[in-house]
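> This is the structure, below, for whatever I ask next.
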Amino acid sequence: MKAPTTSERLRHVVAVRPASTEGRNPGMPLDLDVVRALRVNRSAVERRAATIPTRRTVKKEWQAAWLLRTITCMDLTTLQGDDTPGNVIRLCAKARRPLRPDLVAALGVGHLDITVGAVCVYHALVPTAVAALDGSGIPVAAVSTGFPAGLNPFAQRLEEVQASVAAGAQEIDIVITRAHVLTGDWPALYAEVRAFRDACGRAHMKAILGTGELATLTNVARASMVAMMAGADFIKTSTGKEPVNAVLPVGVVMARMIREYEMRTGAAVGFKPAGGIRAAKQALDWMILMKEELGDRWLRPALFRLGASSLLTDIERQLEHFVTGRYSAAHRHPMV
Amino acid sequence: MTTVAKIFETMEYGPAPESAAPALEWIKQHDNGRFGQFIGGRWVAPAEGVYFETINPATKAVLARVAQGSKVDVDAAVVAAKSAAPEWAALPAHARARYLYALAREVQRQSRLLAVLESLDNGKPIRETRDLDIPLVARHFYHHAGWAQLRETEFPGYVPVGVVGQIIPWNFPLLMVAWKVAPALAAGNTVILKPAEFTPLTALCFAEIAQAAALPPGVFNVVTGDGTTGKFLVEHPDVQKIAFTGSTDVGRIIRKATAGSGKKLTLELGGKSPFIVFEDADLDSVVEGVVDAIWFNQGQVCCAGSRLLVQEGIADRLTQKLRARMEKLRVGSPLDKAVDMGAIVAPVQLERIRGLVEQGVEEGAKMWQPSWACPTEGYFYPPTLFTDVSPAATIAQVEIFGPVLVSMTFRTPKEAVDLANNTPYGLAASVWTENINLALDVAPKLKAGVVWINSTNLFDAASGFGGYRESGFGREGGREGMYEYLKADSETRNAEVGMRNDTVGVEKPDASSPHSAIRVPQSDLPPIDRTYKLFIGGKQVRPDQGYSRRILGPDGRVLGEVAEGNRKDIRNAVEAAHAAAEWGRGAGHMRAQILYYIAENLATRADEFAARVGRAEVDGSVSRLFTYAAWADKWDGAVHHTPIRGVTLAMNEPVGVLGIAAPEEFPLLGFVSLFAPALAVGNTVIVVPSESQPIAATEFYSVLETSDVPDGVVNIVTGSQDALIKVLAEHDDVDGVWYFGNAAGVKAVELASAANMKRTWATTRNRDWLDPREGEGREFLRHASEVKNIWIPYGE
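Sequence order for the protein chains is U and Z.
Numbering follows the numbering used here, in which position 99 of the first sequence is assigned residue number 80; successive positions increment by one, without gaps.
Numbering follows the numbering used here, in which position 567 of the second sequence is assigned residue number 570; successive positions increment by one, without gaps.
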């Protein structure tokens, strides 16, 4: 792989990169009164979620711009048992150049240097990804702590975090022990996430709640709040391996908890929906949710990521349609 | 920098316009934007040749010219409806069901045209017409296609009312067409519809839908125009029913105009609906609820949650959250798919909103509006929040009908209920709490026809909608709504037999001069004087003025003296009846026990009463008391099938305090037949017994006294029936009046009732009280009930 030129390096310093624009979440002591007082009414949340895609929409240039922004917020992900250096290197190449150059030119956004937000892989493939992305400024995120179930021995989970950081991962996606939530053992959840956070050191930590296994939206709210109190820089919906992954009602609840936490502490925590987001339209719905419930700061990779893989291809197709006026085909775009 | 690159930085929404072109083209196709009346299945030019303009409130552009309906036009429409009525009513139920089904399908086929047309004419956002109004319209016709199919089997003994005049408002123009027309046609009536002058276009478009569905000519007619057109319709002698949705002021005018006319009437009027937030509610969801309550349709919603009642401890937090949310609302072109609020319907309405907001500020409430500005080219008004509002403030009392929310605090659930009910209105209410015990405790205590738990502004054809108090009477939707367009077929029979006071009358099997049958024991001593007092609050009390009236038998013999009740006695009786309100909150089983006990004690004295009124009346009365004792724990509500995950409970609640003028004849059975169903449902009553034969009722005092009837549940005031019932009809703390008397009395009761919009059941119709098919049953229980629909979404 060709080493980046000086000008490329400089541009990457200038370009917006997540880790540098928002401060870390320092966390706060566990406040059980706050956690237990949280109330979520599922039917009301579902009504809100149902109207997010119907109350707002973006068309034409606005849609194109929003889709480009979506690309910059994407954690381009592969988390398969058959991952090899080969397909991870391919993924990283796509992460650097997510759009066909002719489309970039037609959209007039060459100077924006659009890349994805991060590349997300298992620990074993971190070195491959770090090497493949060298000089791009694109961080590597590693799923960790016994992903996806998170039931490995605690010491091993901590070691895994440290190993991934040592291997060059700048972001760590940890999974929480769902049992702590289901049994209401908030001190245990707090201690676990706090320990992971300490193990992350300078790497940013995303806490995966596994919302599809938390049973109730009230549990989602409480788990979100405890994870943030324990210092999570991002809260993330799912591993992508649960039966139900990122759905808007869950997103509404988590976004509201981020708002609540910011109001109490002043710290802005990021949000990452992951799993099942395959269509450009879905991605726009999530962006609209961010803008409506949290504000424009959450439309930047520093505070918003979408965990996805095939989504990128659909976005490319939509952007080509915007440029040419013709509907596009997946095979016209370099595969992930 | 290119546009895309620029937007990439700003991340603004940008425009998302729905095209107006197809709707404008549809308008143009109609005589270049000039519409006549739709009468007898075809378009007819207005007789006087007068047209008025309808405008797009978002741009002030003229959309079309619409006919001003004159008396001639209304007459023509009534003739068309009247001539179509017999054949339409005689169709098999299944045939009418097919027509309603076709209407539903055609609405769906034209859904986008209707949505755009509605948005253009009214100024409401296309999102709302597309996602809410039009789907609900189609749903209403589908649901009522079902009622049409089932009418004969589900409503045996009922027939259509006949020709129905329907007058609808501008806030939900087409949805109100559906709410009115679907049940009317399903029941077998024919219709003359008068849409609001600001928003006639979708009703005219619906006329074409009726044509497309091949509805027989004359079954559905549209006459456009202003209030004078409505007046011609209301006053037309061949219209058997008026259904009106609109302001309480106009509703009152219609109530007075139809008083004594024999027209059936339903009114769906204004509101100042409470939105109650307890401290354990999901506050972020509450905020969205408020958005749906008061910033839906620019707040121009009769059931808008316009009074925010917040538990004191969370008020500041909620205000903070609300303001943050208001900053994110978008007001703009109604045809933009990404706006939350469109234009106010007309300048007059905009001025009213502005004036009331100014008044609110002047009266010392704290007003807040978001920092952004509304468009200036049309009639727009920003979302507005008032805090520090006292219940005495004008803005806390009057219906603003705009995007203006007033907020107040409460300390306890009881105070929340008191504040909620502290209004002449009673249309809807929202209750927000995560505590089911609290929610289900509060809901029945609210004077409102619809209560939404942790939700707001949910509507469905399967659920009845309508108000308590000055929000009107009658229900739209559900089984309860169908009865508003039906009448008992016995009414038709009796109308043929003749009105009361006719000598033909009803034969009483045991009417062989019962009074003369009183056998005073043979004695040389004079009879013991009988002077009857009034029965108020469980006690026999002297009348206020100390006058009495002498009651003579048919043979001229003095039967006794009864008290001459007056206004003050009525006042006292009403207070006693209110004090006994616990009666309605107790179990049906308890009321059954007491009704049985009354029957038992009457039976014990059967001979004595039979000597006064005849055996048949006494036996009939004992049986009737058993009937309503039976019903007392069986007058079940329903669980409606609405499209939510949850239940919609239709609860039968007592009307409240009822004033009852018992019929002249059947002095015992008529009296029992009216107070017993009222009691079974849980009402408390003030009965004015038969004026000429009151002694059966006054002798009944001691039956009541020995039957454990709680004090004040039944109050009896003797005297001049028409004078006393007028006092009851005028009393603003009486919730309903039943009057079985003469035509002048019916008119007087209906006129007086307009002041507080109390429910009336006033009729000159002669009944055979001895016949259980006419003298008892569900008809009586329905009049004794208000149906409250409580929406309870669930899910954790």
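Glycine included, each C-beta is placed from N, C-alpha and C at the ideal position.
1. Report the start-end ranges of each beta strand (DSSP E) in the region 72 to 103 of chain Z that is 3 residues or longer and not cut off at the edges.
2. For Z/S433, go through chain U and note every residue whose CB falls closer than 8 angstroms to its CB, in chain order.
3. Around the Cβ of Z/E753, are there at least 16 other Cβ atoms within 10 angstroms (buried) or fewer (exposed)?
4. So, is the C-beta of U/A264 closer than 9 angstroms to a C-beta in chain Z?
5. Report yes or no: do the region 68 to 88 of chain Z and the region 213 to 227 of chain Z share at least 3 C-beta pairs separated by less than 8 angstroms?
6. Using Cβ-Cβ distances below 9 angstroms, what residues of the region 34 to 45 of chain U are close to chain Z?
7. Using CA atoms only, rank isn't needed, just tell me which of Z/V658, Z/D714, Z/E782, Z/P697 is closest to Z/D736.
8. Would you mind telling me which residues of chain Z sit closer than 8 angstroms to U/S24, beta carbon to beta carbon, in chain order?
9. Note down the Cα distance separating Z/G508 from Z/I212, rounded to an integer number of angstroms.
10. Please report how far the alpha carbon of Z/P220 lies from the alpha carbon of Z/Q113, in whole angstroms.
11. Does DSSP put Z/D513 in a helix, a strand or coil?
12. Looking at U/P230 and U/L198, is the spacing between their C-beta atoms short of 9 angstroms?
13. Under the three-state reduction of DSSP, which class applies to Z/I171: helix, strand or coil?
14. With a threshold of 9 angstroms between beta-carbons, can Z/R326 be considered close to chain U, or not?
15. Measure from the C-beta of Z/E354 to each C-beta in chain U and report whether the shortest distance is under 9 angstroms.
16. For Z/D711, is the classification buried or exposed, using 16 other Cβ atoms within 10 angstroms of its Cβ as the cut-off for buried?
17. Can you give, in chain order, each stretch of the alpha helix (DSSP H) that sits fully within the region 99 to 134 of chain U and has at least 4 residues?
18. Distance check for U/A283 and U/R17, CA to CA, integer angstroms please.
19. Around the Cβ of Z/D343, are there at least 16 other Cβ atoms within 10 angstroms (buried) or fewer (exposed)?
20. Just list the residues that DSSP pairs U/R188 with in beta bridges.
21. Write down every uninterrupted run of the alpha helix (DSSP H) in the region 376 to 430 of chain Z whose length is 4 residues or greater and which is fully enclosed by it, in chain order.
22. Shorter than 9 angstroms from the beta carbon of Z/L286 to some beta carbon of chain U?
23. Taking only runs of the beta strand (DSSP E) that begin and end inside the region 177 to 231 of chain Z, which ones reach a length of at least 3 residues, in chain order?
24. Return no unless some Cβ of chain Z is closer than 9 angstroms to the Cβ of U/V90.
25. By how many angstroms is the C-alpha of U/R183 removed from the C-alpha of Z/Q323?
26. Taking 9 angstroms as the threshold (beta carbon to beta carbon), is Z/A291 in contact with chain U?
27. I'd like to know whether the C-beta atoms of Z/G484 and Z/F468 end up nearer to each other than 9 angstroms.
28. Work out the CA separation of Z/F743 and Z/E51 for me, nearest whole Å.
29. Mind checking whether Z/A580 and Z/I689 have CB atoms under 9 angstroms apart?
30. With burial defined as no fewer than 16 other Cβ atoms inside 10 Å of the residue's Cβ, what is the status of Z/L2: buried or exposed?
31. Take U/A122 as the anchor and find which of U/E273, U/L93, U/I153 has the nearest alpha-carbon.
32. Determine, using beta carbons only, whether Z/N718 and Z/I539 come nearer to each other than 9 angstroms.
33. Per the DSSP calculation, Z/K244 is bridged to which residue(s)?
34. Distance cutoff 9 angstroms, beta carbons only. Does Z/E15 sit that close to anything in chain C?
35. Is it buried or exposed, Z/V75, if we count other Cβ atoms within 10 angstroms and call 16 or more buried?
36. What residues match up with Z/V688 in a beta bridge as DSSP calls it?
With the given structure in hand:
1. none
2. Neighbours of Z/S433 on chain U: none; closest Cβ ~11 angstroms, over 8 angstroms.
3. buried
4. no
5. yes
6. T35, R36, R37, T38, V39, K40, K41, E42, W43, Q44, A45
7. Z/V658
8. N457, S458, I647, R648, G649, P796, Y797, G798
9. Note on Z/G508: pLDDT 35, under 50, position unreliable in the model; no value is reported.
10. 21 angstroms
11. The predicted position of Z/D513 is uncertain, since its pLDDT is 43 and thus under 50; no value can be drawn from it.
12. yes
13. coil
14. no
15. no
16. exposed
17. 107 to 113
18. 29 angstroms
19. buried
20. The sequence given here has Ala at residue 188 of chain U, not Arg. Looking at the DSSP assignment, U/A188 forms a beta bridge with U/I155, U/I216.
21. 397 to 400, 416 to 423
22. yes
23. 193 to 197, 223 to 225
24. yes
25. 35 angstroms
26. At residue 291 of chain Z the sequence reads Glu, which differs from the Ala that was named. Z/E291 counts as touching chain U.
27. yes
28. 43 angstroms
29. yes
30. Residue 2 of chain Z is absent from the model: chain Z starts at 4 and stops at 799.
31. U/I153
32. yes
33. Z/V167, Z/K267
34. Looking at the structure shown, chain C is missing, and the protein chains on hand are U and Z.
35. exposed
36. Z/L661, Z/V717
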